[in-house]
Each structure stands twice: as C-alpha cells, then as structure tokens.
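K.L.:
Counting along the sequence shown from 1, when you hit position 136 you're at 135 in numbering that gives the first Met the number 0, and nothing is skipped either side. Note that the Cβ used here is the ideal one computed from N, Cα and C, for glycine as well.
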Amino acid sequence: MGVLRDRQLADEATQETFLRAWRAADRYDPARPLAPWLLTIARRTALDVIRRESRPTRGGHEPEQDVALNLPGIERAWETWEIKSALGRLPAEEREVVWFAHFHGMSHPQIADQLGVPVGTVKSRSFRAHNRLASMLSHVISEGGTSS
Numbered sequence: 000m001g002v003l004r005d006r007q008l009a010d011e012a013t014q015e016t017f018l019r020a021w022r023a024a025d026r027y028d029p030a031r032p033l034a035p036w037l038l039t040i041a042r043r044t045a046l047d048v049i050r051r052e053s054r055p056t057r058g059g060h061e062p063e064q065d066v067a068l069n070l071p072g073i074e075r076a077w078e079t080w081e082i083k084s085a086l087g088r089l090p091a092e093e094r095e096v097v098w099f100a101h102f103h104g105m106s107h108p109q110i111a112d113q114l115g116v117p118v119g120t121v122k123s124r125s126f127r128a129h130n131r132l133a134s135m136l137s138h139v140i141s142e143g144g145t146s147s
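1) For Glu52, does the count of other Cβ atoms within 10 angstroms reach 16, so buried, or fall short, so exposed?
2) Count the other CB atoms within 10 Å of the CB of Ile110; is the residue buried (16 or more) or exposed (fewer)?
3) Between Thr44 and Arg19, is the Cβ-Cβ spacing less than 8 Å?
4) So within the stretch 1–28, which uninterrupted alpha helix (DSSP H) runs reach at least 4 residues, ignoring any that extend past its ends?
5) Take Pro35 as the anchor and find which of Met105, Val96, Ile73 has the nearest alpha-carbon.
6) Rounded to whole angstroms, what's the CA-CA distance from Asp112 to Ser84? Just pull it up for me.
7) Please list, in chain order, all residues of the same chain as Ile136 whose beta carbon is under 8 Å from its beta carbon, the five residues on each side excluded.
8) Taking the alpha helix (DSSP H) that Ser53 belongs to, which residues open and close that run?
9) Where does Trp77 land, buried or exposed, given buried means 16+ other C-beta within 10 angstroms?
10) Quick one: Cα of Pro117 to Cα of Val2, how far?
11) Ile140: buried (16+ other C-beta within 10 angstroms of its C-beta) or exposed?
12) Return helix, strand or coil for Pro117, following the three-state DSSP convention.
13) Taking Cβ positions, are Val97 and Ala128 nearer each other than 8 Å?
14) Just mark Arg124 as buried or exposed, buried being the case when its beta carbon has 16 or more other beta carbons within 10 Å.
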C-alpha cells in the first residue's frame with residue numbers, strides 16, 4: 000500500500016510477490032535473513048505494477064497524468080521490519096507504553112491515566128522497554144542502518 004497507494008493494486012502485487020518468491024525459492028540463501036530478500040522481491044514487483052499501470056491504454060480514458068513517487072529504500076523497509084519485529088517481542092505491558100508514547104505522542108502522566116497505573120509504573124515499563132529495544136536493535140545500527 001505504501002508504494003502503490005491502491006488496495007486492488009497492492010493485493011495484486013502481494014500475490015505476485017509470493018508467486019515470484021515461490022519461483023525463486025531455489026535462489027534463496029537460508030543463511031541470510033528472509034525479510035530483506037522478500038522485501039526486495041516485493042519492491043520490484045510493486046515497481047513492475049506501477050510501470051504496467053502507467054502504460055498508455057487505447058480507448059476513451061481520462062488523460063494520463065505523471066505522478067512523482069517517493070519510494071522508500073530497501074534499507075528503510077528492512078529497518079521498519081526489524082523495529083516492528085522487536086516491538087512484537089516486548090512484553091505486552093512494555094509494548095503498550097512504547098505504543099502510547101511514540102505512536103500517540105502521550106506523556107508518562109497521560110499514559111498512566113490511560114492505563115490506570117501509577118506514573119512510576121509507566122516510567123519503569125518505559126525504561127525496561129527502551130533498554131530491551133536498544134539491545135534487540137543494536138544490529139540495525141551496526142549493519143549500517145540509519146535508525147532514524
């Protein structure tokens with residue numbers, strides 16, 4: 000959806016991605032992470048769908064317009080995958096605090112009110128969660144990721 004911005008095209012690209020991955024399975028190196036390999040196939044498939052959809056058609060369609068695309072790089076997609084994976088491995092109460100703080104911009108007192116727990120509990124959970132995330136994501140920085 001991030002690249003194609005159209006549900007039907009995204010569904011089509013997803014199906015095509017898995018078909019291409021299946022056909023290329025013999026070229027996959029199990030010693031390397033699956034996510035970057037699969038994301039590369041998905042990105043290329045999405046670009047192929049964009050190219051196919053942008054070809055002029057014959058008939059009485061609306062005039063075509065050029066569209067500027069701001070595609071995320073594979074590195075950014077890999078970083079996002081790694082962050083989501085790390086968040087998913089946090090204990091639920093820590094993940095909840097991180098979610099409210101970073102995705103909803105809530106302060107510790109606001110999170111405490113939302114969860115019905117003391118502010119100190121929120122601060123402790125936040126501290127533990129961020130330490131765990133730093134440990135789980137240290138490879139992202141060491142492998143040249145931007146971590147931004």
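P.N.:
Concretely, from the data shown:
1) exposed
2) buried
3) yes
4) Runs of the alpha helix (DSSP H) inside the stretch 1–28: 6–22.
5) Ile73
6) 27 Å
7) The sequence given here places Leu at residue 136; Ile does not occur at that position. Cβ within range, chain order: Glu81, Ile82, Ala85, Ser146.
8) 33–53
9) buried
10) 42 Å
11) exposed
12) coil
13) yes
14) buried
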